[in-house]
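With this note's numbering applied, the sequence shown corresponds to residues 307 to 381, in that order.
We treat Cβ as the ideally placed atom computed from N, Cα and C, and that holds for glycine.
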Amino acid sequence: MAQYLCTDTRKVTTLRLIEMKKNGEKISMLTAYDYTTAKILDGAGLDAILVGDSASNVMAGYTTTVPMTLDKMIT
Numbered sequence: 307m308a309q310y311l312c313t314d315t316r317k318v319t320t321l322r323l324i325e326m327k328k329n330g331e332k333i334s335m336l337t338a339y340d341y342t343t344a345k346i347l348d349g350a351g352l353d354a355i356l357v358g359d360s361a362s363n364v365m366a367g368y369t370t371t372v373p374m375t376l377d378k379m380i381t
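In structure tokens, the structure reads:
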């Protein structure tokens, strides 16, 4: 089982992120472009995971981010 530097186990919400910023706390965040990466990052104990719509370009080969849907990112 992983041990984290922070002992605060409260759920991280947008209000919690605002509180952390106000208190000068560091916020850990990485970008996930698919479900598998998001699950790995979630298990790492990050404060937040940014879901990148550029997966449309990077992983699906579209020329813009417009065609990407959440359903496409999950599958």
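Worksheet item: Starting from L336 and walking both ways along the alpha helix (DSSP H), at which residues does that stretch end?
Response: Within the sequence shown, residue 336 is the residue found at index 30, counting from 1. According to the DSSP assignment, L336 belongs to no alpha helix (DSSP H) but to the beta strand (DSSP E) extending over 335-338.
Practice prompt. Return the first residue and the last residue of the beta strand (DSSP E) that A361 is part of.
Written response: One-based indexing of the sequence shown puts residue 361 at position 55. Counting along the chain, A361 falls outside any beta strand (DSSP E), though it belongs to the alpha helix (DSSP H) covering 361-364.
Fill in: DSSP bridge partner residues for V357 (one or two, in chain order)
Within the sequence shown, the letter at position 51 stands for residue 357. Looking at the DSSP assignment, V357 forms a beta bridge with A338.
Practice prompt. Could you check the C-alpha separation between D377 and D340 for me, to the nearest Å?
Written response: Residue 377 sits at position 71 when you count from the first residue of the sequence shown. Residue 340 sits at position 34 when you count from the first residue of the sequence shown. When the Cα atoms are used, D377 and D340 turn out to be separated by approximately 10 Å.
Item to complete: Please list, in chain order, all residues of the same chain as M379 whose beta carbon is under 8 Å from its beta carbon, the five residues on each side excluded.
Response: Within the sequence shown, residue 379 is the residue found at index 73, counting from 1. Only Y339, D340, Y341, V357, A361 meet the Cβ criterion.
Discussion item. Can you give me the C-alpha to C-alpha distance between T369 and T337, rounded to a whole angstrom?
Written reply: As a working note, residue 369 is residue 63 in the sequence shown. As a working note, residue 337 is residue 31 in the sequence shown. Cα to Cα, the separation comes out at about 20 Å.
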